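J.: Numbering (the working numbering), first residue to last: 15 to 449.
Backbone N, C-alpha and C fix where the C-beta goes; we use that ideal spot for every residue, glycine too.
These figures come from a predicted structure and were not determined experimentally.
Here it is, the structure, as structure tokens.
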Amino acid sequence: MNMKELQRRRRQLAKMMGPDSIAIIPTAQMQIRNRDVEREFRPDSDFFYLTGFHEPESVAVLMPGHGEGEYLIFCRERDEQMETWTGRRVGPEGACEQFGADDAFPIDDIGDILPGLMEHCSRLWYAMGCNPEFDKRVIDWMNYLRNQGRSGVHAPLEIVALDHVLHDMRLYKSRTEVSLMRRAANISAKAHKVAMQTCQPGMTEYQLEAELLYQFKVQGAQSVAYSTIVGGGDNGCILHYTENSDELNDGDLVLIDAGCELDCYASDITRTWPVNGRFSDAQTELYEIVLSAQEAAFKQVVAGNTWNDPHRAAVKEITRGLISIGLLKGKLNSLIKDKAYQRFYMHRTGHWLGMDVHDVGDYKVGDEWRVLENGMALTVEPGLYIPLNAKGVAKRWRGIGIRIEDDVVVRNDDCDVLSKAAPKTIKEIEAVMAA
Ligand code: GLY
Ligand code: MN
Ligand code: MN
Numbered sequence: 015m016n017m018k019e020l021q022r023r024r025r026q027l028a029k030m031m032g033p034d035s036i037a038i039i040p041t042a043q044m045q046i047r048n049r050d051v052e053r054e055f056r057p058d059s060d061f062f063y064l065t066g067f068h069e070p071e072s073v074a075v076l077m078p079g080h081g082e083g084e085y086l087i088f089c090r091e092r093d094e095q096m097e098t099w100t101g102r103r104v105g106p107e108g109a110c111e112q113f114g115a116d117d118a119f120p121i122d123d124i125g126d127i128l129p130g131l132m133e134h135c136s137r138l139w140y141a142m143g144c145n146p147e148f149d150k151r152v153i154d155w156m157n158y159l160r161n162q163g164r165s166g167v168h169a170p171l172e173i174v175a176l177d178h179v180l181h182d183m184r185l186y187k188s189r190t191e192v193s194l195m196r197r198a199a200n201i202s203a204k205a206h207k208v209a210m211q212t213c214q215p216g217m218t219e220y221q222l223e224a225e226l227l228y229q230f231k232v233q234g235a236q237s238v239a240y241s242t243i244v245g246g247g248d249n250g251c252i253l254h255y256t257e258n259s260d261e262l263n264d265g266d267l268v269l270i271d272a273g274c275e276l277d278c279y280a281s282d283i284t285r286t287w288p289v290n291g292r293f294s295d296a297q298t299e300l301y302e303i304v305l306s307a308q309e310a311a312f313k314q315v316v317a318g319n320t321w322n323d324p325h326r327a328a329v330k331e332i333t334r335g336l337i338s339i340g341l342l343k344g345k346l347n348s349l350i351k352d353k354a355y356q357r358f359y360m361h362r363t364g365h366w367l368g369m370d371v372h373d374v375g376d377y378k379v380g381d382e383w384r385v386l387e388n389g390m391a392l393t394v395e396p397g398l399y400i401p402l403n404a405k406g407v408a409k410r411w412r413g414i415g416i417r418i419e420d421d422v423v424v425r426n427d428d429c430d431v432l433s434k435a436a437p438k439t440i441k442e443i444e445a446v447m448a449a
């Protein structure tokens, strides 16, 4: 992330905080996978959004108007021996030189330095509840200051929810962010296409997963944005199926929900295709319903509409489609009102997308659905799920799970589909798989 953009974000936050304020933003904690094996480290999104700093055991501090430094970083000290064992460190000096901090200190000194900085501020901006271990330290520092009241020391009077303002900032994606998210979406789209080309009856779900993971890495993405879902046949009806352990059968569909993470930005794409390369009649009928629901939803993704408009459009198309093939019986409006579609379409049509796959930002303001604005990013992901054991449903529809998911950015006159390189129509998919 370029330094100018990071600085712009810190300035925007500082302006909202005003003087006499201190924000404390710790990064994520290292986590143990088993015994002494650590999970791969991923910085906390809020922390990384403001700092671009990738090391564990780091804390950023913002103090708007503070003469001796408005932006401070606490981080690990350089240590030749430790760096030989566990990797390079930037160190406090590097945090200033490479990451633009006004001043930086060893993380081990934070308890000696931070309370003294907090003392001069009446408002503490902190995301309480996100990091229980660090919460405890912050509370201890507050109590330490309060206990010195008789010596004239002041503790901050107010604790303000930092996450609320920061998450609202993160909801609006800048040009740099959109171009990064487009790159991530393109990598994932290509991975889906390669998986389509590779897919054969008799392969296993994990072998297709491996193809996607290979494509993510080989194209430069550091990680997946979430656990990859590869569900053949009935497994496609389990929304968050991640076992990926079964064989893929001739005549079944396979549903793949897979997205890479690039420089801490997520992509989130789902495609569903026939394992043998040809959609059956029943699969075609259901697929076309989901596709038309997605197209109807896309049309509602435009600045000025509300968050719920794309979902409402998708639900209408899904319900209409289910009536047309006889899976729902009754009048369109009353089936929608009674949520009859939820038997086969039980999730919402999308979520905010950004540094986190289910990104931050409010969906309602007060009691009203949020108005979509230029630069907001979201997924559009209608689906239909008819498990093998569905009661009272003709056999031809059973064991079919379909989801079609794309990543989009709201614009003033339409929506910008970031993931359009992933083949999607029946014609495109069959052509890719036949080639
Ligand atoms: N992959 C999770 C989701 O689509 O929301
Ligand atoms: Mn999604
Ligand atoms: Mn998804």
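Looking at C-alpha atoms only, which residue of Asn-48, Ile-283, Ile-38 is the closest neighbour of Thr-65?
T.: Counting from 1 along the sequence shown, the entry for residue 65 is found at position 51. Considering only alpha carbons, the answer is Ile-38.
J.: In whole angstroms, what separates the C-alpha of Lys-29 from that of Pro-78?
T.: Here residue 29 refers to the residue found at position 15 when the sequence shown is read from its first residue. Here residue 78 refers to the residue found at position 64 when the sequence shown is read from its first residue. Rounded to whole angstroms, the gap between the alpha carbons of Lys-29 and Pro-78 is 8 Å.
J.: What I want to know is whether the C-beta of Glu-395 ends up closer than 7 Å to one or more non-hydrogen atoms of ligand 3.
T.: The residue you call residue 395 lines up with position 381 of the sequence shown. True, at least one ligand heavy atom lies under 7 Å from that Cβ.
J.: Alpha carbon to alpha carbon, how far is Ser-237 from Asp-430? Give it in angstroms, no decimals.
T.: Sequence index remark: in the sequence shown, residue 430 carries index 416 (1-based). Sequence index remark: in the sequence shown, residue 237 carries index 223 (1-based). In a straight line, the C-alpha of Asp-430 is about 24 Å away from that of Ser-237.
J.: Give me, in chain order, the residues of the same chain whose beta-carbon lies closer than 6 Å to that of Ile-339; leave out the 5 immediate sequence neighbours on both sides.
T.: Translated into positions along the sequence shown, residue 339 becomes position 325. The answer, listed in chain order, is Glu-299.
J.: Comparing alpha-carbon positions, which option in Ala-115, Leu-180, Gly-130 lies nearest Met-17?
T.: Within the sequence shown, residue 17 is the residue found at index 3, counting from 1. Taking only the C-alpha atoms, the option nearest Met-17 is Ala-115.
J.: Do the stretch 147-164 and the stretch 81-91 touch if we need at least three Cβ pairs shorter than 8 Å?
T.: The stretch 147-164 vs the stretch 81-91: no contact.
J.: Kindly confirm or deny that the stretch 387-406 and the stretch 349-366 touch, where touching means at least three C-beta pairs closer than 8 Å.
T.: yes
J.: Any contact of the stretch 227-245 with the stretch 314-326, i.e. 3+ C-beta pairs under 8 Å?
T.: Taking 8 Å as the limit for Cβ pairs, the verdict is that the stretch 314-326 does not touch the stretch 227-245.
J.: Residue range of the beta strand (DSSP E) that Pro-120 falls in?
T.: The residue you call residue 120 lines up with position 106 of the sequence shown. Start and end: 117-120.
J.: What does a CB cutoff of less than 8 Å around Thr-242 pick up in its chain, not counting 5 residues either side in sequence?
T.: Residue numbering aside, residue 242 sits at position 228 when the sequence shown is read from its first letter. Close CB contacts of Thr-242 within its chain, under the 8 Å cut and outside five residues either way in sequence, are with Glu-223, Leu-226, Leu-227, Thr-256, Asn-258, Ile-270, Asp-271, Ala-272 (chain order).
J.: Return the chain-ordered list of same chain residues with a C-beta closer than 6 Å to the C-beta of Cys-251, the five sequence neighbours on each side being excluded.
T.: Your numbering for residue 251 matches position 237 in the sequence shown. Tyr-399, Pro-401, Gly-415, listed in sequence order.
J.: For Glu-275, is the classification buried or exposed, using 16 other Cβ atoms within 10 angstroms of its Cβ as the cut-off for buried?
T.: Here residue 275 refers to the residue found at position 261 when the sequence shown is read from its first residue. A buried status is given to Glu-275, since no fewer than 16 other beta-carbon atoms sit within 10 Å of its beta-carbon.
J.: Below 8 Å on the Cβ atoms is my contact criterion, and I expect Trp-139 with Ala-296 to pass it. Report the Cβ-Cβ distance as a whole number of Å.
T.: Walking along the sequence shown from the start, residue 139 turns up at place 125. Walking along the sequence shown from the start, residue 296 turns up at place 282. That belief does not hold up - the Cβ atoms of Trp-139 and Ala-296 are roughly 55 Å apart, past 8 Å.
J.: Starting from the C-beta of Leu-386, find all residues in its chain whose C-beta is less than 6 Å away, skip the five residues before and the five after it, and write them out in chain order.
T.: Taking the sequence shown and counting its residues from 1, the one referred to as residue 386 is at position 372. So the qualifying residues of the chain are Ala-317, Asn-319, Val-424.
J.: Hey, would you say the C-beta of Glu-111 is under 7 Å away from at least one heavy atom of ligand 2?
T.: The residue given as residue 111 occupies position 97 in the sequence shown. No, the beta carbon of Glu-111 sits no closer than 7 Å to any heavy atom of ligand 2.
J.: Are Leu-342 and Leu-349 close, meaning C-beta to C-beta below 8 Å?
T.: Locating residue 342 in the sequence shown gives position 328, where the first residue counts as 1. Locating residue 349 in the sequence shown gives position 335, where the first residue counts as 1. Contact flag set, yes.
J.: What does a CB cutoff of less than 8 Å around Ser-294 pick up in its chain, not counting 5 residues either side in sequence?
T.: Against the sequence shown, residue 294 aligns to sequence position 280. For Ser-294, where only same-chain residues beyond five positions count, the Cβ hits under 8 Å are Gly-265, Pro-288.
J.: In whole angstroms, what separates the C-alpha of Asn-426 from that of Ala-74?
T.: Indexing the sequence shown from 1 puts residue 426 at position 412. Indexing the sequence shown from 1 puts residue 74 at position 60. Each residue's Cα considered, the two are about 35 Å apart.
J.: I need the DSSP call for Met-142, collapsed to helix, strand or coil.
T.: As a position in the sequence shown, residue 142 is number 128, starting the count at 1. Note: Met-142 maps to coil in three-state DSSP.
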